[in-house]
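Residue numbers (the UniProt record's numbering): 1 to 380. We put the CB at the ideal spot given by N, CA and C, even for glycine. Presented below is the structure to which this report refers.
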């Protein structure tokens, strides 16, 4: 080696090993809900947290079914179901503190409801409203994101800002398997790793990006390996095992909060319903495939586990079911009321400080509204 040059390209084996995901997805429960034998790399979540997760999944599944029904009644323009992904939806928000930030995709409606956001506000965007529906600042939750992976860049940037301010807050960004093929996803990973942004990237690999199967997305052993090249600690987990999801995500959040930088988690799960109500899933997958995943139902697995451990009773299950029905009934009643449209609200959130052109347009619309006769006047 020439004098004065530093040899590069040598990496300590221990550093590489620390980044690698498990050879098989982390799993705490069998498909039937029995505990998997053997030592675990992650701590078993507290029973009370698991009980909360069970209740939230029962309510979330009923909410999801009600929202799907609302599309058929014309009350929603579109709805992307997360039926089958309840463990991921609920787990992703239960591991966060109130001040932490959540960056959802268009499919995270169940997660938003599980975070305590008004379900009608959650569905406002999917109803056709131009605005988010809920206040992101109040809930520390970004608007649902339809463009793939753009929210990962936002999450990395916000998490870095929180680190600079020393708040101790973390951000968790959800993406699907298809989003990992987008450039924004890779830019976010690289930025977060270089600047040690406290952000968790949570990939819900539900096997299809609309109709595109996973094997057309990547040649990597799994999507979790996409983090290693950027120096991001990565893990893979059985996404239909609520105990494992909570255990791994809790560890990932603590890793980020402790100043160790970003963490990438890939959850292996399955979307049982079509991509949206406008999709025909039978065109690209078989009933037998979906039936095989139904046997790994996350709600049934957690319920069986908690019953075996004496942490869940018949009364608890009945109470969760009753709460879910009441929740769906209230949502149905509220969504059956026609929304009050305020045309001038179109200009409210365009700029922080409206410019003269916007004021002029607002005035023009106000004049047009005032000069247009009401339906009663037109009929008289």
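Annotated as proximal: residue 59 and residue 323, with beta-carbon spacing under 8 angstroms. Counting along the chain, residue 233 sits inside the beta strand (DSSP E) bounded by residues 233 to 238.
Taking the Cα positions, residue 284 is about 18 angstroms away from residue 82. Cα atoms of residue 358 and residue 124: separation of roughly 24 angstroms, rounded to the nearest angstrom.
Take the alpha-carbon of residue 301 and the one of residue 351: they are about 48 angstroms apart. Where residue 103 is concerned, the enclosing beta strand (DSSP E) starts and stops at 101 to 103. In the three-state scheme derived from DSSP, where H, G and I count as helix and E and B as strand, residue 162 is classed as helix. For secondary structure counted as the alpha helix (DSSP H) over 4 or more consecutive residues, the stretch 280 to 329 holds these complete runs in sequence order: 287 to 294, 298 to 308. Take the alpha-carbon of residue 197 and the one of residue 314: they are about 44 angstroms apart. Taking one beta carbon from each stretch, the stretch 182 to 199 and the stretch 147 to 157 have 3 or more pairs nearer than 8 angstroms; the two touch. The beta carbon of residue 209 lies closer than 7 angstroms to those of 176, 177, 178, 217 in the same chain, with the five residues before and after it left out. Between the alpha carbons of residue 44 and residue 215 lies a distance of about 32 angstroms. Taken in chain order, the complete alpha helix (DSSP H) segments of 4 residues or longer contained in the stretch 95 to 141 are 109 to 114, 119 to 122, 124 to 127, 136 to 139. Bounds of the beta strand (DSSP E) holding residue 176 are 171 to 176.
Contact annotation: residue 127 and residue 94 have beta-carbon atoms that are not nearer than 8 angstroms.
Minimum Cα-Cα distance from residue 205 among the listed residues 70, 181, 353 corresponds to 181.
It is roughly 21 angstroms from the alpha-carbon of residue 223 to the alpha-carbon of residue 146.
When the five nearest sequence neighbours on each side are left out, the beta carbons in the same chain lying within less than 6 angstroms of the beta carbon of residue 230 are those of 189, 190, 193, in order along the chain. In terms of Cβ geometry, residue 63 and residue 241 do not form a close pair [threshold 8 angstroms].
Inter-residue distance for residue 220 and residue 143 is about 31 angstroms (C-alpha atoms, whole angstroms). Assigned with DSSP and collapsed to three states, residue 266 falls in strand. In the structure shown, residue 351 adopts coil according to DSSP, grouped into three states. Here residue 328 is near residue 66, since their CB atoms are less than 8 angstroms apart. With respect to the C-alpha of residue 330, the residue from 40, 298, 47, 118 having the closest C-alpha is 118. Pairing residue 23 with residue 37, the inter-Cα distance amounts to about 17 angstroms.
The continuous stretches of beta strand (DSSP E) do not include residue 248, which lies in the alpha helix (DSSP H) extending over residues 242 to 257. For residue 357, the enclosing alpha helix (DSSP H) stretches over residues 356 to 371.
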